[in-house]
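Letter by letter, the sequence shown follows residues 19 to 350 of our numbering. The C-beta atom is built at its ideal place from N, Cα and C for all residues, glycine as well.
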Amino acid sequence: EQIACASAVPVGLTIGTDIPSLYIKVIAKHDNLSSVAIISGEHDRFSYLEQNGKELLNLPVDTCGTVLAEEDERLVGSASLAELLEYVKTAPQEALDLVLEAQETNMAIARHSLDHSYGLSVGRIAAEPIGKEPKSLAEAFCLGSAMAAAASDARMAGCPLPVIINSGSGNQGITLTVPVAVVASYLKSSKETFARALLLGQMIGLGLTARKNRLSALCGAFTAAIGTSCSLVYLLGGELEEMDRAFNTMVGNLTGIICDGAKMTCALKIYSCVEAANLACKLAFRGLSPGNESGIVGKTSRESMDFLSRISHEGMEETDKTILSIMLGKQS
19 EQIACASAVP VGLTIGTDIP SLYIKVIAKH DNLSSVAIIS GEHDRFSYLE
69 QNGKELLNLP VDTCGTVLAE EDERLVGSAS LAELLEYVKT APQEALDLVL
119 EAQETNMAIA RHSLDHSYGL SVGRIAAEPI GKEPKSLAEA FCLGSAMAAA
169 ASDARMAGCP LPVIINSGSG NQGITLTVPV AVVASYLKSS KETFARALLL
219 GQMIGLGLTA RKNRLSALCG AFTAAIGTSC SLVYLLGGEL EEMDRAFNTM
269 VGNLTGIICD GAKMTCALKI YSCVEAANLA CKLAFRGLSP GNESGIVGKT
319 SRESMDFLSR ISHEGMEETD KTILSIMLGK QS
């Protein structure tokens with residue numbers, strides 16, 4: 019009844035100009051009553067409230083906030099892959115415990131989704147030829163992609179099971195944990211190796227988000243999967259050289275994949291991005307990756323990070339506006 023009532027209310031949508039990446043202004047009117055609310059900077063941060071012409075709240079309109087303290091964001095956002103790896107090798111137990119808890123939580127929704135139909139059932143269908151127990155490393159890679167997609171299928175369809183996030187995103191948290199957990203289980207990795215592999219991916223995910231802006235039009239599953247590729251390399255005994263190669267392969271492969279909102283097709287993107295991470299890992303151990311002559315790929319992962327940041331900020335602003343224009347145009 020409430021949905022039917024709400025559907026009968028006329029709603030007009032317009033795209034704002036010269037505003038932060040996270041900015042929502044709502045004006046509601048009924049007879050001689052009116053209210054205005056503005057959310058900016060954070061999804062739950064009201065910066066302006068007005069009722070019947072009376073101002074109730076007026077705060078600065080912030081740019082999109084971060085999930086880290088300012089100093090932490092500066093540190094992780096400016097860190098090289100080598101520096102992140104060095105931190106991971108000596109990280110405190112509390113950090114390792116946190117990422118292990120994250121993978122347990124996220125694996126639970128992935129397993130649940132394999133037995134139920136959610137959204138497009140991307141993960142459940144992708145896992146059908148393999149089953150729940152991989153018989154080879156190749157199958158473990160594939161099952162990791164499928165289970166990550168399955169977790170996203172469920173999350174995007176409203177499954178009430180919890181997900182532990184990365185960079186404010188459940189789908190990024192899934193991408194950085196589930197594939198790594200599946201491969202680590204197959205390899206029978208030690209708990210410490212597993213935890214440090216997870217932490218490496220999480221740190222890369224945080225670092226890339228700090229560089230690109232949390233609400234960039236660049237797909238978060240893609241940047242998270244860059245971290246996943248390095249986690250997989252770590253699990254398989256690779257060092258910085260192989261991680262650097264995997265990183266550059268990911269940048270050369272999927273840079274430009276867009277974010278067009280949170281919906282069921284996120285599971286498709288996660289599946290594709292994790293499959294790309296698997297391939298990047300395999301190529302890295304063969305000594306293969308695109309070089310500096312390949313488009314936006316840098317000489318090193320550090321340079322590729324810088325180029326990725328430029329694309330996110332300079333190259334995707336107009337893309338974001340076009341995406342919004344298309345989405346709003348479909349409502350007319």
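**Q.** Stretch pair the segment 127 to 141 + the segment 102 to 119: three plus CB contacts closer than 8 angstroms
**A.** no
(Q) Using C-beta distances below 8 angstroms, list every residue in its chain close to valine 198, excluding the 5 sequence neighbours before and after it, in chain order. (A) Residue mapping note: residue 198 aligns to position 180 of the sequence shown, counting from 1. Result list for valine 198: Gln121, Gly162, Phe212, Ala215, Leu216, Gly219, Thr246, Ser249, Leu250, Leu253, in chain order.
(Q) In the DSSP output, what is isoleucine 183 paired with across the bridge? (A) Looking up residue 183 in the sequence shown gives position 165. None, per the DSSP bridge assignment.
Q. Between the C-alpha atoms of isoleucine 299 and alanine 46, what's the straight-line distance to the nearest angstrom?
A. As a first step, residue 299 is located in the sequence shown; it is residue number 281 there, counting from the start. As a first step, residue 46 is located in the sequence shown; it is residue number 28 there, counting from the start. Looking at the sequence provided, one finds cysteine at residue 299 rather than isoleucine. Spanning the two alpha carbons is a distance of roughly 52 angstroms.
Q.
Does the CB of leucine 93 have a neighbour CB from chain D at under 8 angstroms?
A. In the structure shown, chain D does not exist; there is a single protein chain.
Q) Closest by CA to threonine 35, which one among Ala242, Asp338, Phe240? A) The residue given as residue 35 occupies position 17 in the sequence shown. Per the Cα distances, Asp338.
Q: Can you give me the start and stop residues for the beta strand (DSSP E) that leucine 75 sits inside?
A: Here residue 75 refers to the residue found at position 57 of the sequence shown. Segment 72 to 76, the beta strand (DSSP E) holding leucine 75.
Q.
I believe asparagine 184 touches leucine 224 by the beta-carbon criterion, under 8 angstroms. Please report the beta-carbon distance rounded to the nearest angstrom.
A. Counting from one through the sequence shown, the residue named residue 184 turns up at place 166. Counting from one through the sequence shown, the residue named residue 224 turns up at place 206. Right, their Cβ atoms sit about 7 angstroms apart.
(Q) Please list the terminal residues of the continuous beta strand (DSSP E) segment that includes serine 52. (A) Here residue 52 refers to the residue found at position 34 of the sequence shown. Element bounds for serine 52: 51 to 58.
Q) When DSSP builds the beta bridges, which residues end up paired with valine 27? A) Residue numbering aside, residue 27 sits at position 9 when the sequence shown is read from its first letter. Looking at the DSSP assignment, valine 27 forms no beta bridge with any residue, so it has no partner.
Q.
Quick check on glutamine 349: does DSSP put it in helix, strand or coil?
A. Position 331 of the sequence shown, counted from the first residue, corresponds to residue 349. DSSP places glutamine 349 in coil when its eight states are reduced to three.
**Q.** Delimiting residues of the beta strand (DSSP E) encompassing alanine 46
**A.** Position 28 of the sequence shown, counted from the first residue, corresponds to residue 46. Its beta strand (DSSP E) spans residues 41 to 48.
(Q) In whole angstroms, give me the CA-to-CA distance for threonine 195 and isoleucine 341. (A) In the sequence shown, counting from the first residue as 1, residue 195 sits at position 177. In the sequence shown, counting from the first residue as 1, residue 341 sits at position 323. Going by the C-alpha atoms only, they are around 29 angstroms apart.
Q | Outcome for alanine 26 when other beta-carbon atoms lying within 10 angstroms are tallied against a minimum of 16 | A | Position 8 of the sequence shown, counting from 1, holds the residue named residue 26. That one is exposed.
**Q.** Sheet register partners of glutamine 69 (DSSP bridge)
**A.** The sequence position of residue 69 within the sequence shown is 51, counting from 1. For glutamine 69, DSSP records a beta bridge to Ser53, Lys72.
Q: Please name the residue in Lys281, Cys291, Met268 whose C-alpha comes closest to that of leucine 306.
A: Taking the sequence shown and counting its residues from 1, one reaches residue 306 at position 288. That would be Met268, whose Cα lies nearest to the Cα of leucine 306.
Q | Whole-angstrom distance between methionine 165 and leucine 272, CA atom to CA atom | A | The sequence position of residue 272 within the sequence shown is 254, counting from 1. The sequence position of residue 165 within the sequence shown is 147, counting from 1. When rounded, the distance between both Cα atoms is 20 angstroms.
Q. According to DSSP, what are the bridge partners of phenylalanine 64?
A. Within the sequence shown, the letter at position 46 stands for residue 64. In the DSSP output, where bridge partners are listed per residue, phenylalanine 64 has Ile57.
(Q) Whole angstroms are fine: how far does the CA of alanine 202 sit from the CA of serine 208? (A) Along the sequence shown, read from residue 1 onward, the residue named residue 208 stands at position 190. Along the sequence shown, read from residue 1 onward, the residue named residue 202 stands at position 184. Rounded to whole angstroms, serine 208 to alanine 202 spans 8 angstroms at the Cα level.
(Q) Below 8 angstroms on the Cβ atoms is my contact criterion, and I expect isoleucine 57 with isoleucine 37 to pass it. Report the Cβ-Cβ distance as a whole number of Å. (A) Locating residue 57 in the sequence shown gives position 39, counting from the first residue. Locating residue 37 in the sequence shown gives position 19, counting from the first residue. Actually they are not in contact, since the Cβ atoms of isoleucine 57 and isoleucine 37 sit about 11 angstroms apart, beyond 8 angstroms.
Q: Check whether the segment 291 to 298 touches the segment 328 to 337, taking contact to mean three or more Cβ pairs, one atom from each stretch, closer than 8 angstroms.
A: no
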